[in-house]
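**Q** Chains as they are written, first to last, in my numbering: chain R, 53 to 313; chain C, 24 to 224.
1. For the pair the segment 40-54 of chain C and the segment 106-114 of chain C, tell me if three or more CB-CB distances fall below 8 Å.
2. How about the segment 168-188 of chain R and the segment 221-231 of chain R: do they share at least three Cβ pairs that are nearer than 8 Å?
3. Could you name the residues that DSSP lists as bridge partners for residue 78/C?
4. Spatial neighbours of residue 39/C within its chain, please: C-beta separation below 8 Å, excluding the five flanking residues on both sides.
5. How would you write the range of the alpha helix (DSSP H) that residue 48/C sits in, first residue to last?
6. Leaving out five residues before and five after residue 201/R in sequence, what residues of the same chain have Cβ atoms less than 8 Å from its Cβ?
7. Would you please verify whether the beta carbon of residue 148/C is less than 7 Å from any beta carbon of chain R?
8. Closest Cβ-Cβ distance between residue 116/C and chain R: below 7 Å?
9. Could you tell me the distance, in whole angstroms, from the CA atom of residue 155/R to the CA atom of residue 66/C?
10. DSSP state of residue 112/R, grouped into three classes?
11. Taking only beta carbons into account, state which residues of the segment 106-139 of chain C come closer than 7 Å to chain R, listed in chain order.
12. Considering residue 236/R, what are the terminal residues of the alpha helix (DSSP H) in which it resides?
13. What in chain R is Cβ-close to residue 47/C, meaning under 7 Å?
14. List in chain order: all unbroken alpha helix (DSSP H) runs of 4+ residues lying wholly within the segment 98-152 of chain R.
15. Looking at the unbroken alpha helix (DSSP H) that takes in residue 179/C, where does it start and where does it end?
16. What are the boundary residues of the alpha helix (DSSP H) that includes residue 176/R?
17. If you follow the alpha helix (DSSP H) that residue 245/R is in, where does it begin and where does it stop?
18. Return the chain-ordered list of same chain residues with a C-beta closer than 6 Å to the C-beta of residue 275/R, the five sequence neighbours on each side being excluded.
19. According to DSSP, simplified to helix, strand and coil, what is residue 26/C?
20. Tell me whether residue 199/R sits in a helix, a strand or coil according to DSSP, three-state version.
21. For residue 128/C, count neighbouring Cβ atoms within 10 angstroms of its own Cβ and tell me buried if that reaches 16, exposed if not.
22. Under 7 Å Cβ-Cβ, which residues of chain R neighbour residue 151/C?
23. Does DSSP put residue 291/R in a helix, a strand or coil?
24. Assuming residue 29/C contacts residue 174/C (C-beta within less than 8 Å), just tell me the rounded distance between them.
25. Could you list the residues in the segment 209-227 of chain R with a C-beta less than 7 Å from some C-beta on chain C, going in chain order?
26. Residue range of the alpha helix (DSSP H) that residue 222/R falls in?
27. Looking at chain C, is there any beta carbon in it that lies within less than 7 Å of the beta carbon of residue 259/R?
28. Pairing CB atoms from the segment 133-149 of chain R with CB atoms from the segment 280-293 of chain R, are three or more of them under 8 Å?
29. Could you tell me if residue 68/R is buried or exposed, where buried requires 16 or more neighbouring beta carbons within 10 angstroms of its beta carbon?
30. Among residues of its own chain, excluding the 5 on either side of residue 35/C, which ones have a beta-carbon nearer than 7 Å to its beta-carbon?
31. Taking 7 Å as the CB-CB cut-off, is residue 27/C touching chain R?
32. Hey, residue 95/R and residue 125/R: beta-carbon distance below 7 Å or not?
33. Does the pairing of the segment 260-276 of chain R with the segment 181-188 of chain R give three or more beta-carbon distances under 8 Å?
34. Measure from the alpha carbon of residue 188/C to the alpha carbon of each residue in 201/C, 146/C and 141/C, then state which is nearest.
35. To the nearest angstrom, how far is it from the Cα of residue 79/C to the Cα of residue 273/R?
36. So which residues of chain R does residue 141/C contact, with C-beta pairs closer than 7 Å?
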């Protein structure tokens, strides 16, 4: 596994451009008495090679954070930057292009198009981007292979289980050279071994240079990330950074030696 | 921790000497519970006293070998067949700490919970990283499967602790002494935990 690249511990972090930067984001839903502060003063930078997990109770702002990062919602104040581009300043057309080319998004409810096969669903963003159907299909088959579901290529979403649809949705998010992968509960419908395989794919994509943000309520899955941030009432209340892998064995041996009677 | 039965299980595969037993024990458990060679010899002495192992000669380098006896084999079988007792839970420092924290005036219990969760989450990340290495087979260990099972036990245990800490936080925020609403009906609780549970199975 590659070394951790965390904003908190990298001395040169200031010189690199984060793939995702949520710059002092606030998001307010509703007005007056019904006003809800979904996010308050969030500042988050995610660098190439980094996978960040977002945890927190229901209603803490996890999903709002992800939709803002994906350009699917706009902040009430603050800016969202993807690869240094301020999303708020873009035309609708240009924003759609950034979403298609730079951002892979795994929706909690998959959002597959029922009239298209798995391979067609996955190839769609590439075709919209002007890639020939033949190349797009080839890429889609590679993505399906990566997720261990090559045999689903010509099946329609209705003929797949929830877990299969979820993996197709993940393949769609990973296709092409997306630098930012956002995933809302990507292991939700999967059994623990399959969920793990999906996390391994996400992890590998980040180790290869992408930046990832994953919302999850399961600590065991969040633990695949380099950083875990905790939200409560729209605020970031805590953050953990995993350490360098090489020092782990020593530490775990030392800790348990202390605990041994 | 049953070093006794661990050593019997290793000796069941053929005679071994003390240092060898230590190395093999640690290879299977990833040095999660490091043994010093003194513990190994003390345990071997007790096993011999109880008739479960017997000396089995010396090699030219002076290593003293031990072999399992029939009584030792029977003891080992019975260990595998008997569940590990759960009716006298081992002392848990964290549970004791929180039980004390809620009764000692002036302790910021929420802060205790949060700092423990941060610590446990980090441990969970570290174990997961080690697991990634074990899955890729790049640990250079011969006993990757045994080590993987031990690591996953640590992962599930740490996860359970984090879930419990989350629960403690909610409990702290909602608990009103004597108020029936502070104790939701078990069925309601189970229902609300349903979707989370399912994805874990």
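The beta carbon of each residue, even a glycine, is placed where N, CA and C say it ideally should be.
**A** Taking the coordinates as given:
1. no
2. yes
3. Against the second chain, residue 78/C aligns to sequence position 55. Partner(s): 89/C.
4. Locating residue 39/C in the second chain gives position 16, counting from the first residue. Excluding residues within five positions, the ones whose Cβ falls inside 8 Å are 33, 47, 88 and 89.
5. Walking along the second chain from the start, residue 48/C turns up at place 25. Start and end: 41-52.
6. Locating residue 201/R in the first chain gives position 149, counting from the first residue. Excluding sequence neighbours, residue 201/R sits near 170, 216, 219, 220 and 223.
7. Here the question's residue 148/C lines up with position 125 in the second chain. True, the Cβ-Cβ gap to chain R drops below 7 Å.
8. For this step, residue 116/C is matched to residue 93 along the second chain. Chain R, which has no Cβ nearer than 7 Å to the Cβ of residue 116/C, makes this no.
9. Reading the first chain from its first residue, position 103 is the one you call residue 155/R. Reading the second chain from its first residue, position 43 is the one you call residue 66/C. Roughly 59 Å between the two C-alpha positions.
10. What you label residue 112/R is simply residue 60 of the first chain in a count that begins at 1. DSSP places residue 112/R in coil when its eight states are reduced to three.
11. 137
12. Position 184 of the first chain, counted from the first residue, corresponds to residue 236/R. Careful: residue 236/R lies outside any alpha helix (DSSP H), inside the beta strand (DSSP E) at 232-236.
13. The residue labelled residue 47/C in the question sits at position 24 within the second chain. Ordered by position in chain R, no residue passes the 7 Å Cβ test against residue 47/C, which lies about 16 Å from the chain.
14. 114-121
15. Position 156 of the second chain holds residue 179/C. It spans 167-197 - the alpha helix (DSSP H) in which residue 179/C sits, taken as one unbroken run.
16. Locating residue 176/R in the first chain gives position 124, counting from the first residue. Run containing residue 176/R: 170-180, per the alpha helix (DSSP H) assignment.
17. As a position in the first chain, residue 245/R is number 193, starting the count at 1. Unbroken alpha helix (DSSP H) run through residue 245/R: 244-259.
18. Taking the first residue of the first chain as 1, we reach residue 275/R at position 223. Excluding residues within five positions, none has a Cβ falling inside 6 Å.
19. Working through the second chain from its first residue, we reach residue 26/C at position 3. In the structure shown, residue 26/C sits in a helix (DSSP, three-state: H, G or I).
20. Counting from one through the first chain, the residue named residue 199/R turns up at place 147. In this structure, residue 199/R counts as coil in the three-state DSSP scheme.
21. As a working mapping, residue 128/C is identified with position 105 in the second chain. Counting Cβ neighbours within 10 Å, residue 128/C comes out exposed, since fewer than 16 surround it.
22. Within the second chain, the letter at position 128 stands for residue 151/C. Neighbours of residue 151/C on chain R, chain order: 275 and 276.
23. If you number the first chain from 1, residue 291/R lands on position 239. It is a strand residue.
24. As a working note, residue 29/C is residue 6 in the second chain. As a working note, residue 174/C is residue 151 in the second chain. 17 Å between Cβ atoms; not a contact.
25. none
26. In the first chain, the residue the question calls residue 222/R occupies position 170. Here the alpha helix (DSSP H) through residue 222/R covers 214-226.
27. Taking the first chain and counting its residues from 1, the one referred to as residue 259/R is at position 207. Closer than 7 Å: no.
28. no
29. Along the first chain, one-based indexing puts residue 68/R at 16. Classification for residue 68/R: exposed.
30. Counting from one through the second chain, the residue named residue 35/C turns up at place 12. Cβ neighbours of residue 35/C beyond the five flanking positions: 91, 96 and 99.
31. Counting from one through the second chain, the residue named residue 27/C turns up at place 4. No, residue 27/C lies away from the interface with chain R (no Cβ there is under 7 Å from its Cβ).
32. Looking up residue 95/R in the first chain gives position 43. Looking up residue 125/R in the first chain gives position 73. Against a cut-off of 7 Å, the Cβ pair of residue 125/R and residue 95/R comes out as no contact.
33. no
34. Locating residue 188/C in the second chain gives position 165, where the first residue counts as 1. When each option's Cα is compared against that of residue 188/C, the closest is 141/C.
35. Reading the second chain from its first residue, position 56 is the one you call residue 79/C. Reading the first chain from its first residue, position 221 is the one you call residue 273/R. In a straight line, the C-alpha of residue 79/C is about 48 Å away from that of residue 273/R.
36. Here the question's residue 141/C lines up with position 118 in the second chain. Neighbours of residue 141/C on chain R, chain order: 290 and 292.
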